[in-house]
Amino acid sequence: MKVLVVLALFSVCNANILWQEPPKTSLDMVKDAFWDYVAKATQTAEDSLNQIKQSELGQEVNTKISQSADLVNQYVVAVRSQVAPLSQDFMTRFTQEAEQLKARLEKDVSAVGTQLEPYTQEMVAHIQTQVEQLKKEAGPYADAMDPEALKAVLQQKSQELKAQVDAKLSELQAQMVPYTQEMKEKMEQSLDDFQMKLIPLAQSFETQLTQKTQEIQQSLTPIGEELKTKLDASAQDLQAQLAALWESFTKKTQ
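Reading the sequence shown from the start, the letters are residues -15 to -1, 1 to 239 in mature numbering (1 follows the signal peptide of the UniProt record, and there is no 0).
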């Protein structure tokens, strides 16, 4: 979403400074972009531009910018409200996959007998804890609408989970606990299946996100056009007033 907002402002104001400044509010970004635009359009020196910003004329222009910035805020709210359900849907489906994994693992270890129940329960509980941790780590990437980072963390953490399970099984074997090879193979297969489902889940999220953002861009085009019109009108008005002020100043100094 942040990328969409920056691109929208960039296309409207042609303001490269947006990429260089630290994070600011939408209003501050629009103001900075507008004054940079004015400086280039009127070829006004920085010192003179700063004086104009503090003048009554500058305050009037900032008021116009504030009114236009409300449109940017509307854009941000619209994007967040329409895209956020995709993140929630992803987390819901992830939870369903985690519950299915837990059920499969409990079934995998149930056949080894009651004598190993303390060990197998501990194993399943450990895996469940790690899956919950994976869910917590994946959540921020889904909320941030970053599918590439989401896929990367799912791949990495699910692989780490498999390695931890293998280590646990090796530890049991070293302690001479007689678990069956069949149980080991079933658990590994369950984890493999879980991992294989996570990546398509993230890919589906990415596809839906791309489609939704395209729809939003199309539906909000009028907002961007209105913002551009207001900023251009303010720029033309200010340029005319600056030209008049300069002409008056040069006459007085002659």
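For every residue, glycine included, the Cβ atom is placed at its ideal position computed from N, Cα and C.
*With DSSP as the reference, label D131 as helix, strand or coil.*
Taking the first residue of the sequence shown as position 1, residue 131 is located at position 146. Looking at D131 - three-state DSSP - the assignment turns out to be coil, as it is neither helix nor strand.
_Excluding the 5 residues flanking residue 282 on each side, which residues of the same chain have their C-beta closer than 7 angstroms to its C-beta?_
With the chain running from -15 to 239 in the structure shown, residue 282 is simply not present.
*Pick from M76, E91, Q85, L71: whose alpha carbon is nearest that of V109?*
Start at 1 with the first residue of the sequence shown, and residue 109 comes out as number 124. Closest option to V109, Cα to Cα, is E91.
_Helix, strand or coil, according to DSSP, for residue 266 in the structure here?_
The requested residue 266 does not occur in the structure, where the chain is confined to residues -15 to 239.
*Tell whether a beta-carbon distance below 9 angstroms holds between T80 and K136.*
Numbered from its first residue, the sequence shown carries residue 80 at position 95. Numbered from its first residue, the sequence shown carries residue 136 at position 151. In this structure, K136 does not lie closer than 9 angstroms to T80 by Cβ.
*Skipping 5 residues on each side, what residues in its chain have a beta carbon closer than 7 angstroms to that of E84?*
For the purposes of this step, residue 84 is taken as residue 99 along the sequence shown, with counting starting at 1. Nothing meets the Cβ criterion.
*asked:* Measuring CB atoms only, is the segment 124 to 139 touching the segment 182 to 202, in the sense that at least three cross pairs come out at less than 8 angstroms?
replied: yes
*Residues in its own chain within less than 8 angstroms of V62 by CB, not counting five upstream and five downstream?*
As a working note, residue 62 is residue 77 in the sequence shown. Excluding positions up to five away in sequence, the list is empty.
_Checking 9 angstroms against the spacing of the C-beta atoms, do M181 and A123 come in under that value?_
Walking along the sequence shown from the start, residue 181 turns up at place 196. Walking along the sequence shown from the start, residue 123 turns up at place 138. No.
_Tell me the rounded alpha-carbon separation between D74 and E41._
The count along the sequence shown starts at 1 and reaches residue 74 at position 89. The count along the sequence shown starts at 1 and reaches residue 41 at position 56. Between D74 and E41, the C-alpha separation is close to 50 angstroms.
_I'd like to know whether the C-beta atoms of L176 and L157 end up nearer to each other than 9 angstroms._
Translated into positions along the sequence shown, residue 176 becomes position 191. Translated into positions along the sequence shown, residue 157 becomes position 172. No.
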